[in-house]
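Going letter by letter, the sequence shown gives residues 6 to 200 in this note's numbering.
The structure appears below as structure tokens.
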Amino acid sequence: ERLARPRTVAGVDVGYSRATDLCCAAAVLWDVEQGEVIETAQASGRATFPYVPGLLTFREGPHALAALERLRTQPDVLLFDGQGQAHPRRMGIAAHLGVILDAPTIGCAKSRLVGDHDEPGQERGAWSELMHKGVCVGRALRTRAGVKPVFVSAGHRTDIESATRVVMACVTRFRLPEPTRLAHSHVRAALAGTP
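Written out as structure tokens, the structure is:
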């Protein structure tokens, strides 16, 4: 479904230490109009599901949900550092947790998990379709001129047009949208003291 222009976007990222199985998740609530952080929340704990490529939601999802529960303000949309429908089962973390929460969700990943795409134009906002088994599952999106594209896909209760628009609205000076870039920084800092 098409999203109205959101005022608030919660960026979500999860990381873990393979040595200790400690998972850390961060949620950063971003004011799209003001271009600033409203609040942040974190959650951490041991991973109880093994590392299985394609099934990361079962490992990372509980911690992401715990971080989101700690936000005092309900976001208009959730933006995950990961996949939505651009996934072998069309159910990456953004799609999976969107269904659980019944919330609009978007996946914006640094790398491609499935599918093929043409190289998008070099200008900011250029994109090409990400195709997997004859179906468009997302877009390779150039968020800044001349930098590598990110991979955007709809999660739950949104469409690829809305997902692309939200990601571009959250990009400032960097390749990644600010809410997930900042969430990733929080996760990295939290895990810095672990092996």
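Just so you know, even glycine gets a beta-carbon here, dropped at the ideal spot from N, CA and C.
For S190, there is no enclosing beta strand (DSSP E); the residue is found in the alpha helix (DSSP H) stretching over E183 to L196.
Apart from sequence neighbours up to five positions away, the residues of its chain that approach P80 with a beta-carbon distance below 7 Å are T13, V14, A15 and L34, ordered along the chain.
When DSSP assignments are scanned along the segment 69-93, the uninterrupted stretches of beta strand (DSSP E) that are 3 or more residues long and fall wholly within it turn out to be 82-85. For the 8 Å CB-CB criterion, P125 and V82 do not form a contact. Under DSSP, H137 forms a beta bridge with V140. The Cβ atoms of V42 and L187 sit closer than 8 Å to each other. For the alpha helix (DSSP H) assignment, the uninterrupted runs of no fewer than 4 residues enclosed by the segment 92-135 are, from N- to C-terminal side, 98-106.
In summary, D18 is buried, with 16 or more beta-carbon neighbours lying within 10 Å of its beta-carbon over all protein chains present.
Contact check between the segment 172-186 and the segment 135-151: three or more CB pairs, one atom from each, fall below 8 Å, which counts as touching. Counting C-beta pairs with one atom in each stretch, the segment 84-100 and the segment 47-62 have three or more that are closer than 8 Å, which means they touch.
Boundaries around S167 are those of the alpha helix (DSSP H), I165 to C175, since no beta strand (DSSP E) includes it. Spatial neighbours of P93 in its own chain (CB-CB distance under 7 Å, excluding positions within 5 residues in sequence) are listed in chain order as G59 and V119.
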